[in-house]
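Listed in order, the protein sequences are those of chains L and B. Position one of the first sequence corresponds to residue 25 (the working numbering), numbered consecutively onward. Position one of the second sequence corresponds to residue 150 (the working numbering), numbered consecutively onward. Take a look at the structure set out below.
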Amino acid sequence: MRKHICRIVAVAFALTTAASRAEIDFSREILPLFSDKCFQCHGPDPKARQSGLRLDEEKNVKMDRDGYAVVVPGASSRSELMKRLLTEDSDEKMPPAELGRFLSAEEISKIKQWIDEGAKWGPHWSLTPIRKSELPNAKANPVDAFINRTLETEGLKPQVRATRETLIRRLHLDMTGLPPSLKEIDAFLGDEESGAWKRAIRRALAKPGYGERMAWDWLDAARYADSNGYQGDSERTMWPWRDWVIDAFNNNFPWDKFTIWQLAGDLLPNATFKTRLATGFNRNHMINGEGGRIAEENRVDYVMDMAETTGTIWLGMTFNCSRCHDHKFDPITQKDYYSLFAFFNQTPVTGSGRNPQTAPIITAPTPANRAAMAKTRKEIASLEKQLGQRARELARAQAAWETNKLDEGKLSPWKALKPVSAKADNQTLKILSNASILVSGKNPNNDTYRVSTKAGGTIHGIRLEALKHSSLFKGSISRSSSGNFVLTSFELRVGDPNSKPVKFSKAEATFEQGGLKIARTLDGDKKTGWGVWDGRIVDREHIGVFTLAEPLKLDKDTQLLFTLRHDSQHKQHLIGCFRLSTTDAPKPQIGSGSDELLAALSVPKAERNKAQANRVAIAHRNSDPAYGKLKNQIESKRNRVAAMEKSAPKVMVMKDMPKPRETFMLTRGLYNKPGQKVSAAVPAFLPKLPKGAKANRLGLAQWLTSAENPLAARVTVNRFWQMIFGIGIVKTAEDFGVQAEYPKHPELLDWLAAEFIESGWDVKHLLELILSSEAYRRSSDVTAELLERDPENRFLARGARFRMPSWMIRDQALAASGLINSAIGGAPVNTYQPEGIWEEATFGRKKYKQDSGDKLYRRSIYVFWRRIIGPTMFFDSGARQVCTVKTPRTNTPLHALATLNDITYVEAARAMAQRVLTATGGKASDSDRLRHASRLVLSRSPGEQELKIWKRGLDRARAQFKSDEEALEEFLNVGESKRDENLDKLEHAALASVCLGLLNLDEALTKE
Amino acid sequence: MDHPILNDDSWKDPIGQARLGINRRHFFGKTATGIGTAALASLLTRDGQAKSIGLPDLPHVAPKAKRVIYLFQNGAPTHTDLWDYKPRQAKMHGTPVPNEYFAGKRFSTMTKDPTGKLMLAPVEPFTQHGQSGSWVSRFMPHTASIADELCFVKSMHTEAVNHAPGISFFLSGAEIPGRPTLGAWLSYGLGIESENLPGFVVMTSVSKGTSCGQIFYDFYWGSGFLPSKHQGVKFRGQGDPVLYLANPNGMSSKMRRGLLDDIAAINELKFKQAGDPEISTRISQYEMAYRMQTSVPELTDISSEPQHVLDMYGPQVEEQGTFAYNCLMARRLIERGSRYVQLMHAGWDQHNSVTTELYTQCRDTDQPSMALVKDLKERGLLEDTLVIWGGEFGRTPFIQGDINNRPRWGRDHHPYAFTVWMAGGGVKPGISYGASDDLGMNAVENKVHVHDFQATLLHLLGIDHEHLTYRFQGRYFRLTDVHGHVVKDILA
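Put into structure tokens, the structure is as follows:
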């Protein structure tokens, strides 16, 4: 089959070039032939090599082999190679027929000519240093200087410049992924001064949409997604990294800095949050959470992905081929592969577990939250200062307070009851040495405590102390997460557990929380009770005092039975530590606080130990409302910061382990078959690491973007070219190896690469240079002759014309309709998607929850990307599973169905019609409306014939909708956004159907 | 992917314009005089048309089958419980599996080392069926009734021990995701016949109440590095079978027709002005979309199916998303020109449910599979339609779980021997080919590797597996990597 095709192409090719055959260029014409047809058995891979012949090595090819050589420079007739190519003997014939590789007569004659011209050897073109050749025409734009020279040689006449409407649309789609607004169109059309184009370019490049547009291709390359992939496909939150990328493009990060931050931002001497965030790049790979998978196997997979992605993006080399063996075509050895692997093999990532956010991670709040957190932290600092100030003031007033307090305490002396037994329904109660009772065990929602003690004599009141304990929540008085409790009932029985509880006449407390009054513990209502929360986690002890209606006069050792119930709706609001006391004073008082405080107060100030001094000081401070208020404010602000911290997305980032991990070559790429040990090193066929550079990721990143590296600039420039012209100067954007296409405009590629480096890797400068060229501005109309001569438009005698990526088609519809939500960055959104897509793919485990409101109209780059089943509205997209630097461009009926029927487009058409009706006013003619609508999508007014067609369509739609009111209502109801009910329904629906047509025109789907 | 002209499938006999799809007729109608070879080549690399012609050097050999229906059983059906009868397995029930049967072999992390694992007898008894006397378990009474139509390959073996890599290996020749799948290769090599329906359709199902479904990854029907039009079109199990098939609410078919005419008229104007052949591709792309909107509902409208046919497929046949429904759709699809239909039925992963869920699994698939073969035969389609039934590997003849806990009996993944059956399309009917050892542990006689199976399948379709290649990243790739031999003995 291939033979057949080659013949046809060769014929076409021969017609134009055979007559004027110039000297053969080895790297361009011979090396690719050897590679494609011969390297399989006579190439770099020693294991596959036959007869000791390697056609990738000059010495080997030309050496004397006992009286003959494969190639004898200048003498094709004496070269074994020619004999083998020409022979009819099937045993001798090369390549062997069973290989299925054939050389055309044209190709064989090329090899002959090359040998006869001296068999000049040279390295593969992409590995030679980048050379900035002199411009063929110093006055022209450099792109034009090269392109025009080629056009002249080829005898191709360039197309005229495209119309200004076409140009402004082309520019805006290319650089922002959105059509220009009417204002932007008018501004450009109205700018008659020289330099208008340059100004238009600069305006476009300065738009925030620029970063979003540029980021899309980068996300494809970086295999960015919002879930892990594989079974389970857990969600992840890498989107702060995505926002960083957008921001970096918008701030025109130089490409070397863009590279270094992403590959090694954590290793920079003054690494910051943002440089670390950038390293999320390498953690965008899939994560396998399948049961039964071996962690180390996963880990090795991830590291391979990192190495191969780097190889593709910066070196344009297919490293993955060398996992198992030396490369068949390129000089990448298996050792090169694992030496590159070693740079990334230092991450502490383990490969185990299903956690979607495997360490190392950083917390990455949104910029707004980051600012809010910083502000709140500042406020906290200031409040803490005030608190310190107040504490000092209180210290000065403490002596007077103490005297007062001590006097109070003497009014009713309390005697602690030593519990005999203490039991709870659901927890464990333990009696401590100071007669208090500590609660532990499981933490139920409600519980009841029963304490039995013995007492005698006269009792006028009972005191319940809720005490702090280190085992309770944050050292508070309860086990709830606020430190608070709600005691719903307090009962005392004498002697008989079945007797009626004794009556209390009064209850008082150190503090009562709103309606949660201590008296409510006596009202018999299960739901009501006493609580003590005063705005922050409870950090002090509380006391309740119950005065008996009639004093008890008890015999010695009479049994007292206490029941404390916690039956409120507040879960786990259970007293954590408490003590019961009695008093014989006729008027029981709360007094100075706990016995411990009273004891401390009784000790003269100078003699108190540290604990006692603290207890007194704290009690004093806590009695001060101003001090309490400050503490409350600090607490609530701290909570706010903590909440923001908790809700902030976690981004997986890079880090190196303190102790380096050893790296081994893996036999057949198998994680458990280590072979020779290797260390981190750059591929041997490329320049060495710069002097002084460390053999770590930082050194690697610096090496990639050093001026000596022949690949990074070429590969990058080529990708930008591909983005703009639809096809790279080198068509194989993913492969710059020997099997790659030879560049169509090699000198231009080198010139741009050199300029890129010299400009300090200035991306906008490079783009501006390309966009300013006449080559960019040509009309994309094509004549039959031009189509014949250059079907793929590689010579660029005409402007590029190709279908836009599906994401851009969606963004265009949103922009034209005015529905678009231009917010930048943030969590991904779930927009319209037919029901059940996720559910069907995951047996219902993943449920799609569509967002609503303006989230539906966010740009495509913010649409949630589920790795195992990507958003259905996008077609021909990178799968976001592995690095993709070139996405397919096909046209299937399924694509047409999407843009004709998806709610997104139908709603956009309806909103667009509304926009047109509103802007043109009630009296506007159909022509006015159609002109306006056309400009929203195509940036131009329709011609007469088009107008005629659309008007006819409009009338037809009016008639059809008029006869079917239900259909009319339904059509206007597609999508969530509300229509302006002031607009006439029939007019609205009819125009909406035409707008749907406009959005589906070839011209609308195409960048031309 | 955007590949050199040389690799594009559409590149074929530039003179044979009569064979070109509508867009090309359209295109030549407009500009027949002004176009030459190179431009034509470029035009042919674009792919708006549904139809496409295959590679010029195909077929390599005389094809026996024109179409394939692959009933892929995700999760790995247990071969020794269904097809591969091993009396000794029953005799050894409850005794340890002999060491020599597994020494040096790798098992899933759930089994790790089979030492001491007890043999587990087939859950249901086997009997012989038909003139061929093929042994089939009582689990599969319906399939047993067509034993004389089937060719059982009992010596299959593979390399993968996990599902996703195993399925990927079967369907794409590589364990790692991302290579073109069988259907994509066929579409690329043989072209697409139908104007109104996709050439490569995928439908998925899962038995109700099963607890062990494996995700249907889209790389099971991906086109890998082949142009993406060769990717399988997944028909959904609910709602519109094709995404976005239905007109928007409130837009009648008549209105849609009018709108498409307007779009086409303006695209025509554009084409006259801009001259880009892609514009006429666009016109036919939209036409094709319109046709699909009628042909798909026609496809799924089974009201004209005779009752006895529906009955044959069983009670679930009218329920969208079931295996039975999908089997009927598969027949209707190939009748309407689809070349390759891949049904995937999940739930065969019986780690602890050979005495429970396996029954459901068989109930839901046995009758429809039989019905499909019979139905095709009755319509004279079986002759050149190849039907395949099989999973990604087999299951251990020894137990996973506790031998004393019958309700939780299970079997683990087993790549060393398993069974696949085929019917029609140039395969010998009523035979069993190859054999596993007396415990069903290892394929021993006439072993068939996955690559051999793939090579044979391609051969039946007229393709030499070594010569259906595609250049990507500088290398010529093929479905069978660098392996595979055609199993000549099963060819009719």
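Just so it is clear, CB atoms sit at the ideal spot from N, CA and C, and this is done for glycine as well.
C-beta neighbour in chain L for residue i, strict 8 Å
{"i": "Gly388 (chain B)", "result": "yes"}
{"i": "Pro212 (chain B)", "result": "no"}
{"i": "Ile171 (chain B)", "result": "Caution is warranted here: a pLDDT of 32 is assigned to Ile171 (chain B), below 50, making its placement in the model unreliable, and the coordinate value is therefore given only provisionally. Taking Cβ atoms only, chain L never reaches closer than 8 Å to Ile171 (chain B), which makes this a no."}
{"i": "Gly407 (chain B)", "result": "yes"}
{"i": "Gly327 (chain B)", "result": "yes"}
{"i": "Gly399 (chain B)", "result": "yes"}
{"i": "Ser377 (chain B)", "result": "yes"}
{"i": "Leu335 (chain B)", "result": "no"}
{"i": "Lys235 (chain B)", "result": "no"}
{"i": "Leu606 (chain B)", "result": "no"}
Alpha-carbon spacing of residue i relative to residue j, whole angstroms
{"i": "Ser376 (chain L)", "j": "Pro546 (chain B)", "result": "30 Å"}
{"i": "Asp900 (chain L)", "j": "Ser830 (chain L)", "result": "7 Å"}
{"i": "Met305 (chain B)", "j": "Val906 (chain L)", "result": "32 Å"}
{"i": "Leu793 (chain L)", "j": "Val167 (chain L)", "result": "8 Å"}
{"i": "Lys870 (chain L)", "j": "Glu324 (chain B)", "result": "25 Å"}
{"i": "Ala839 (chain L)", "j": "Lys215 (chain B)", "result": "48 Å"}
{"i": "Asp926 (chain L)", "j": "Pro347 (chain B)", "result": "20 Å"}
{"i": "Ile973 (chain L)", "j": "Pro966 (chain L)", "result": "10 Å"}
{"i": "Thr449 (chain B)", "j": "Leu375 (chain B)", "result": "29 Å"}
{"i": "Ser963 (chain L)", "j": "His769 (chain L)", "result": "32 Å"}
{"i": "Tyr117 (chain B)", "j": "Glu468 (chain B)", "result": "Residue 117 (chain B) cannot be examined here, being either before or after the span of chain B that is shown, 150 to 641."}
{"i": "Asp411 (chain B)", "j": "Tyr439 (chain B)", "result": "14 Å"}
{"i": "Asn274 (chain L)", "j": "Ile209 (chain L)", "result": "22 Å"}
{"i": "Glu122 (chain L)", "j": "His616 (chain B)", "result": "9 Å"}
{"i": "Ser257 (chain B)", "j": "Arg287 (chain B)", "result": "28 Å"}
{"i": "Pro649 (chain L)", "j": "Arg414 (chain L)", "result": "11 Å"}
Beta-bridge partners of residue i, as assigned by DSSP
{"i": "His563 (chain B)", "result": "B:Gly543"}
{"i": "Glu259 (chain L)", "result": "L:Ser251"}
{"i": "Met441 (chain B)", "result": "Met441 (chain B) pairs with nothing; no bridge assigned."}
{"i": "Tyr625 (chain B)", "result": "B:Arg620"}
{"i": "Gln137 (chain L)", "result": "Beta-bridge pairing links Gln137 (chain L) to no other residue."}
Any chain B beta carbon closer than 8 Å to residue i
{"i": "Thr472 (chain L)", "result": "no"}
{"i": "Gln969 (chain L)", "result": "yes"}
{"i": "Ile209 (chain L)", "result": "no"}
- request: Count the C-beta pairs between the region 780 to 790 of chain L and the region 733 to 745 of chain L that are closer than 8 Å, then say yes if the count reaches three, no if not.
  value: yes
message: Extract the residue ranges of the alpha helix (DSSP H) inside the region 946 to 993 of chain L, only unbroken runs of 4 or more that lie entirely within it.
response: 950 to 962, 968 to 986
task: Spell out a yes or no on whether the region 571 to 580 of chain L and the region 521 to 537 of chain L are touching, meaning 3 or more CB-CB pairs, one atom from each, closer than 8 Å.
output: Verdict: yes, contact present.
- prompt: Is the region 641 to 652 of chain L close to the region 405 to 419 of chain L, with three or more CB pairs under 8 Å?
  reply: yes
message: Using 8 Å as the cut-off, can you tell me whether the region 594 to 611 of chain B makes contact with the region 285 to 300 of chain B, which would need three or more C-beta pairs spanning the two stretches below that distance?
response: no
query: Enumerated in chain order, which unbroken segments of the alpha helix (DSSP H) with a length of 4 residues or greater are wholly contained in the region 319 to 380 of chain L?
result: Qualifying alpha helix (DSSP H) stretches, in chain order: 319 to 334, 358 to 368.
Cβ contact (3+ pairs, closer than 8 Å) linking the region 339 to 355 of chain B and the region 452 to 460 of chain B: no
Touching by the beta-carbon criterion (3+ pairs, under 8 Å), the region 879 to 894 of chain L and the region 912 to 923 of chain L: The region 879 to 894 of chain L, when compared against the region 912 to 923 of chain L, does not touch it at the 8 Å Cβ threshold.
- request: State whether the region 602 to 618 of chain L contacts the region 483 to 491 of chain L, with contact taken as three or more CB pairs (one from each stretch) at a distance under 8 Å.
  value: yes
Every unbroken beta strand (DSSP E) within the region 674 to 745 of chain L, with a cutoff of 3 residues, ordered by chain: 674 to 676, 687 to 690, 698 to 702
task: Residues of the region 793 to 806 of chain L with a CB closer than 9 Å to any CB of chain C: list them in chain order, please.
output: Of the chains in the structure shown, none is chain C; the protein chains are L and B.
field: Segment contact flag, the region 697 to 704 of chain L with the region 252 to 271 of chain L, C-beta cutoff 8 Å, min 3 pairs
entry: no
query: Would the region 292 to 309 of chain L and the region 267 to 281 of chain L be scored as touching if the rule is three or more Cβ pairs under 8 Å?
result: Touching, yes.
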